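Q: Once you've had a glance at the structure underneath, I'll fire off some questions.
There are 2 protein chains.
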Amino acid sequence: MNEEICVRFGEKLRNTRLELGYSQEELSFKTGLHRTYISSVERGKRNVSLTNIKKLADALGLKMKDLMPEL
Amino acid sequence: MNEEICVRFGEKLRNTRLELGYSQEELSFKTGLHRTYISSVERGKRNVSLTNIKKLADALGLKMKDLMPEL
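If you want it as structure tokens, here you go:
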């Protein structure tokens with residue numbers, strides 16, 4: 038899986054996480070998702086689905102739409 | 038799959054599709070996704086992933102964030 042949309046979502050997640058000052062480990066702990074999964078999402082390797090987008094948004098204190106890239 | 042987020046996404050998709058005046062058949066044709074898949078998404082039965090959210094948004098002339106429920 039290396040579609041442009043996955044790459045753009047991963048970039049958006051990574052930039053947002055860093056802006057908010059979280060490490061991948063912290064985001065992993067808050068979401069219950071494995072750190073290596075978070076890492077692969079940020080590298081655009083995962084076609085993330087609604088339930089995990091929601092977990093990521095909740096952990097960052099955001100709405101789901103705030104994690105959507107401008108596409 | 039019947040998580041609240043999937044139900045809320047399905048409602049948002051259905052309401053948006055109807056506001057824009059598309060049938061499920063038309064949305065199916067424009068996305069390349071099967072009509073029964075569109076139907077199950079709208080009933081909250083699918084954990085839709087980024088690539089299909091993108092197809093649905095493109096077919097409706099929207100950004101992906103415009104299809105995200107307020108969650």
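As given, the protein sequences belong to chains A and B, one line each in that order. Position 55 (the first sequence) corresponds to 92 in this note's numbering; numbering is contiguous. Position 21 (the second sequence) corresponds to 58 in this note's numbering; numbering is contiguous. Think of the CB as a built atom: it goes at the ideal place given N, C-alpha and C, for glycine as much as any other residue. Small disclaimer: the values here were computed from a predicted structure and weren't measured.
With H, G and I counted as helix, E and B as strand and the rest as coil, what does DSSP make of Leu86/B?
A: Residue numbering aside, residue 86/B sits at position 49 when the second sequence is read from its first letter. A quick correction: the sequence has Ser, not Leu, at residue 86/B. When DSSP states are grouped into helix, strand and coil, Ser86/B belongs to the strand group.
Q: What in chain A is Cβ-close to Asn52/B, meaning under 8 Å?
A: For the purposes of this step, residue 52/B is identified with residue 15 of the second sequence, where counting begins at 1. Those within 8 Å of Asn52/B in chain A number zero; the least Cβ separation is about 15 Å.
Q: Taking Glu41/B as the reference, give the member of His71/B, Asn89/B, Asn84/B with the closest Cα.
A: Taking the second sequence and counting its residues from 1, one reaches residue 41/B at position 4. Nearest option by C-alpha distance: Asn84/B.
Q: Closest Cβ-Cβ distance between Glu48/B and chain A: below 8 Å?
A: As a first step, residue 48/B is located in the second sequence; it is residue number 11 there, counting from the start. For Glu48/B, the answer is no, since every Cβ of chain A falls outside 8 Å of its Cβ.
Q: Under the rule that 16 or more other beta-carbon atoms within 10 Å means buried, what is Ser60/A, buried or exposed?
A: Against the first sequence, residue 60/A aligns to sequence position 23. Burial check for Ser60/A: the Cβ neighbour count within 10 Å stays below 16, so the residue is exposed.
Q: Distance cutoff 8 Å, beta carbons only. Does Val85/A sit that close to anything in chain B?
A: Translated into the one-based positions of the first sequence, residue 85/A becomes position 48. Closer than 8 Å to some Cβ of chain B, the Cβ of Val85/A qualifies, so yes.
Q: I'd like the list of long-range same chain contacts for Met38/A, defined as Cβ closer than 7 Å, with 5 residues on each side in sequence excluded.
A: Taking the first residue of the first sequence as position 1, residue 38/A is located at position 1. Low confidence applies to Met38/A: its pLDDT is 49, below 50, so where it sits in the model is not reliable, and the reading given next is rough at best. Here the set comprises Lys82, Arg83, Asn84.
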